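Which chain is which? The protein sequence lines are A and B, in order. First residue of the first sequence: 1, per the working numbering; consecutive thereafter. First residue of the second sequence: 1, per the working numbering; consecutive thereafter. The C-beta atom is built at its ideal place from N, Cα and C for all residues, glycine as well. Computed from a predicted structure; not experimentally measured. Worksheet: one structure, shown below.
There are 2 protein chains.
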Amino acid sequence: MLNMKYYSLNEINSWERFYRANFINSLSGFKPVSLISTLHKSGLPNLAVFSNIVHLGADPALIGFINRPRQAAPHTITNIENSGVYTINHVHPSFVAKAHQTSAKYAEGVSEFEEVGLTPEYNDGIEVPFVLESSVKYALSLSEIIPLKENGTFLVIGKLTHAYVLPSIVEQDGFIDLSKAESMVSLGIDGYTTTGSISRFDYAKP
Amino acid sequence: MLNMKYYSLNEINSWERFYRANFINSLSGFKPVSLISTLHKSGLPNLAVFSNIVHLGADPALIGFINRPRQAAPHTITNIENSGVYTINHVHPSFVAKAHQTSAKYAEGVSEFEEVGLTPEYNDGIEVPFVLESSVKYALSLSEIIPLKENGTFLVIGKLTHAYVLPSIVEQDGFIDLSKAESMVSLGIDGYTTTGSISRFDYAKP
């Protein structure tokens, strides 16, 4: 196609590590960035920004995320293994800088809520806090952790147990208009943005 | 939090099927919508819109997507099992209606390229076509298909083999500014939109 450039695998493999990471992380598209809150065995909460979140099914309601290899990102997965419960909280422009700051390598057992200045919110008897500042959030119960042998990452699968949404953005047929909540997307390792207004299409038939 | 509504699992499970599907499909956030092109054993290409695409790692470059249960969505996964090669093509506003139309249940062996009016583009000896109209696209070689026992879906993992990007949107450090390409995101089952311009943050330190 006009003006397109072909990047061969040989060329990509020859790149410096960070250049390649930026390129490959952007190539698959925008991602549903969120803050995952878990509980350290000490009882202190942990908060970390994740982008690789994926809808797995509506009935039962299952949502997965990719946790990087254990040595690179040990806290969230270990806390989920220990407590079995975690919350996922959308990111909005009012606190995106704080959300990004949770990606710093804080020591184990440190609460990123305190470090970055977000507010833990305890709801409906759930032991793990939500992010008060987030207007779309949900709690999950661990279903399964699948190690991906190709690169040491993990697909962490959770079953939805509780959802919290601004009711004003839920449409008559259940669709949640996240553009009205300004739920953000991320791109690559360090890019964030909001979306435009949403166009919905009819159910397609041949 | 002020104005938030709590949706219990009991309430969610009581909903009519389509209401629940709209709600749960929206809850996890915006998704990197793309067209996946595969080859039917007849040699005709197949094209289908997918949203649940996930970055798995940069070295090696691995990208996954979720294929629904085989009886609901048999063509893409079967073609990938047969040929081992597929392409993923970003969706832009100029052809989003055509992209959505590929979700119709066409018979096996029908080319959605022809049915919806998109152009197959054969590049660099790859047997599976790309979507000519797309300005960010890549080819993958099948690495592994992991069945998710919870709901009969599959995580299809591919290894990047070829990438095609408008060079004008690749920044000095490898970051691809997909907002300039107007790569779209999807929401729920039938919502699509573009993004605003992207803010990048510094590498976070404690």
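Handout entry: Contact check, ASN67 of chain B vs ALA73 of chain B, beta carbons under 8 Å
Key = Here the question's residue 67 of chain B lines up with position 67 in the second sequence. Here the question's residue 73 of chain B lines up with position 73 in the second sequence. Yes, they are a contact pair.
Handout entry: Contact set between the region 21 to 32 of chain A and chain B, restricted to residues whose Cβ is under 7 Å from the partner
Key = ALA21, ASN22, PHE23, ILE24, ASN25, SER26, LEU27, SER28, GLY29, PHE30, LYS31, PRO32
Exercise for the section: Give a yes or no on whether 8 Å exceeds the smallest Cβ distance from ASN52 of chain B to chain E. Expected result: No chain E appears in this structure, whose protein chains are A and B.
Problem - Spatial neighbours of VAL33 of chain A in its chain, beta-carbon cut-off 7 Å, leaving aside the 5 residues before and after - result: As a working note, residue 33 of chain A is residue 33 in the first sequence. Within the same chain, Cβ atoms closer than 7 Å to the Cβ of VAL33 of chain A are found at VAL49, SER51, VAL91, MET184, VAL185, SER186, TYR192, the five residues on either side in sequence being excluded.
Exercise for the section: Would you list the one or two residues that DSSP bridges to PHE65 of chain A? Expected result: Along the first sequence, read from residue 1 onward, the residue named residue 65 of chain A stands at position 65. According to DSSP, which records beta bridges pairwise, PHE65 of chain A is partnered with A:ILE53, A:VAL156.
Exercise for the section: Give the interface partners of ILE146 of chain B over in chain A, defined as CB-CB distance under 8 Å, in chain order. Expected result: What you label residue 146 of chain B is simply residue 146 of the second sequence in a count that begins at 1. Simply ILE146, LEU148, LEU155.
Practice task
Could you name the residues of chain A that THR161 of chain B contacts, counting a contact when the two beta carbons are closer than 8 Å?
Solution key: Locating residue 161 of chain B in the second sequence gives position 161, where the first residue counts as 1. Against chain A, a Cβ distance below 8 Å from THR161 of chain B picks out LEU9.
Exercise for the section: Assess, as a yes-or-no matter, whether the region 127 to 144 of chain A is touched by the region 155 to 170 of chain A under the definition of 3 or more beta carbon pairs within less than 8 Å. Expected result: yes
Problem - Neighbour-count burial assignment, TYR106 of chain A, 16 or more Cβ in a 10 Å radius - result: The residue labelled residue 106 of chain A in the question sits at position 106 within the first sequence. Buried, since its Cβ has 16 or more Cβ neighbours within 10 Å.
Problem - Coil, strand or helix - THR102 of chain A by DSSP - result: Within the first sequence, residue 102 of chain A is the residue found at index 102, counting from 1. If DSSP states are grouped into helix, strand and coil, THR102 of chain A belongs with coil.
Problem - Rounded C-alpha distance that separates ILE24 of chain A from LEU44 of chain B - result: Working through the first sequence from its first residue, we reach residue 24 of chain A at position 24. Working through the second sequence from its first residue, we reach residue 44 of chain B at position 44. So the two alpha carbons sit approximately 29 Å from each other.
Exercise for the section: May I have a chain-ordered list of the alpha helix (DSSP H) segments no shorter than 4 residues that lie completely inside the region 166 to 194 of chain B? Expected result: none
Problem - Chain-ordered chain B contacts of LEU62 of chain A [CB-CB under 7 Å] - result: Your numbering for residue 62 of chain A matches position 62 in the first sequence. Correct list: GLU150, ASN151.
Practice task
Please say whether SER179 of chain A and SER197 of chain A have beta carbons closer to each other than 8 Å?
Solution key: If you number the first sequence from 1, residue 197 of chain A lands on position 197. If you number the first sequence from 1, residue 179 of chain A lands on position 179. Yes, these two residues count as a Cβ contact at 8 Å.
Problem - Within chain B, the residues that GLY57 of chain A reaches when beta carbons sit closer than 7 Å - result: Here residue 57 of chain A refers to the residue found at position 57 of the first sequence. Neighbours of GLY57 of chain A on chain B, chain order: ASN151, THR153.
Problem - Assigned exposure category for GLY29 of chain A - 16 Cβ within 10 Å defines buried - result: In the first sequence, the residue the question calls residue 29 of chain A occupies position 29. GLY29 of chain A comes out buried.
Problem - Interface flag, GLY191 of chain B vs chain A, CB-CB below 8 Å - result: As a first step, residue 191 of chain B is located in the second sequence; it is residue number 191 there, counting from the start. So, interface residue.
Practice task
Please report how far the alpha carbon of PRO129 of chain A lies from the alpha carbon of ASN123 of chain A, in whole angstroms.
Solution key: Your numbering for residue 129 of chain A matches position 129 in the first sequence. Your numbering for residue 123 of chain A matches position 123 in the first sequence. Cα-Cα distance, rounded: 7 Å.
Practice task
Using a Cβ-Cβ cut-off of less than 8 Å, list which residues of the region 87 to 101 of chain B approach chain A; keep chain order.
Solution key: ILE88, HIS90, VAL96, ALA97, HIS100, GLN101
Handout entry: Sub-8 Å separation of SER83 of chain B and GLU150 of chain B beta-carbons
Key = Indexing the second sequence from 1 puts residue 83 of chain B at position 83. Indexing the second sequence from 1 puts residue 150 of chain B at position 150. At the C-beta level, SER83 of chain B and GLU150 of chain B stay beyond 8 Å of one another.
Exercise for the section: Work out the CA separation of VAL131 of chain A and ASN61 of chain A for me, nearest whole Å. Expected result: The residue labelled residue 61 of chain A in the question sits at position 61 within the first sequence. The residue labelled residue 131 of chain A in the question sits at position 131 within the first sequence. A small correction: the amino acid at residue 61 of chain A is Ala; Asn does not occupy that position in the sequence shown. If you take the alpha carbons of ALA61 of chain A and VAL131 of chain A, they lie about 21 Å apart.
Practice task
Go through its chain and collect everything with a Cβ distance to VAL96 of chain B's Cβ below 7 Å, but skip five positions before and after it.
Solution key: In the second sequence, counting from the first residue as 1, residue 96 of chain B sits at position 96. Closer than 7 Å at the Cβ level, and outside the excluded window around VAL96 of chain B, lie MET184, TYR192.
Practice task
Sort A:GLN101, A:SER14, A:PHE18 by Cα distance to PHE201 of chain B and report the nearest one.
Solution key: For the purposes of this step, residue 201 of chain B is identified with residue 201 of the second sequence, where counting begins at 1. Closest option to PHE201 of chain B, Cα to Cα, is A:GLN101.
Exercise for the section: Sort out for me which residues DSSP pairs ALA204 of chain B with in a bridge. Expected result: To locate residue 204 of chain B, count along the second sequence from 1; it is residue 204. None; ALA204 of chain B has no bridge partner.
Handout entry: C-beta atoms of ASN46 of chain B and THR76 of chain B nearer than 8 Å
Key = By 1-based counting over the second sequence, the position of residue 46 of chain B is 46. By 1-based counting over the second sequence, the position of residue 76 of chain B is 76. Result yes, Cβ atoms of ASN46 of chain B and THR76 of chain B sit closer than 8 Å.
Handout entry: Contact set between SER143 of chain A and chain B, taken where Cβ atoms lie within less than 8 Å
Key = Within the first sequence, the letter at position 143 stands for residue 143 of chain A. Those are GLU150, listed as they occur along chain B.
Problem - CB contact below 8 Å: TYR19 of chain A versus chain B - result: The sequence position of residue 19 of chain A within the first sequence is 19, counting from 1. Chain B, which has a Cβ nearer than 8 Å to the Cβ of TYR19 of chain A, makes this yes.
Exercise for the section: Measuring only between beta-carbons, confirm whether TYR138 of chain B sits less than 8 Å from chain A. Expected result: In the second sequence, counting from the first residue as 1, residue 138 of chain B sits at position 138. Yes - at least one Cβ of chain A is within 8 Å of the one on TYR138 of chain B.
Practice task
Report yes or no: is there a C-beta of chain A within less than 8 Å of the C-beta of PRO167 of chain B?
Solution key: As a position in the second sequence, residue 167 of chain B is number 167, starting the count at 1. Closer than 8 Å to some Cβ of chain A, the Cβ of PRO167 of chain B qualifies, so yes.
Problem - Whole-Å CB distance - VAL136 of chain B paired with LYS5 of chain A, under 8 Å assumed - result: Along the second sequence, one-based indexing puts residue 136 of chain B at 136. Along the first sequence, one-based indexing puts residue 5 of chain A at 5. The Cβ separation is near 11 Å, so there is no contact.
Problem - chain B contact for VAL85 of chain A (CB, 8 Å cutoff) - result: If you number the first sequence from 1, residue 85 of chain A lands on position 85. Taking 8 Å as the CB threshold, VAL85 of chain A stays off the interface with chain B.
Handout entry: Check whether SER37 of chain A and HIS162 of chain B have beta carbons under 8 Å apart
Key = Within the first sequence, numbered from 1, the residue matching residue 37 of chain A stands at position 37. Within the second sequence, numbered from 1, the residue matching residue 162 of chain B stands at position 162. It is not a contact, given that the beta carbons lie outside the stated cut-off.
Handout entry: Helix, strand or coil at SER278 of chain B according to DSSP, with G and I counted as helix
Key = Nothing about residue 278 of chain B can be reported from this structure: the residues present for chain B run from 1 to 206 only.
Exercise for the section: Look at ILE176 of chain A and SER26 of chain B and say whether their C-beta atoms are less than 8 Å apart. Expected result: Counting from 1 along the first sequence, the entry for residue 176 of chain A is found at position 176. Counting from 1 along the second sequence, the entry for residue 26 of chain B is found at position 26. Contact: yes.
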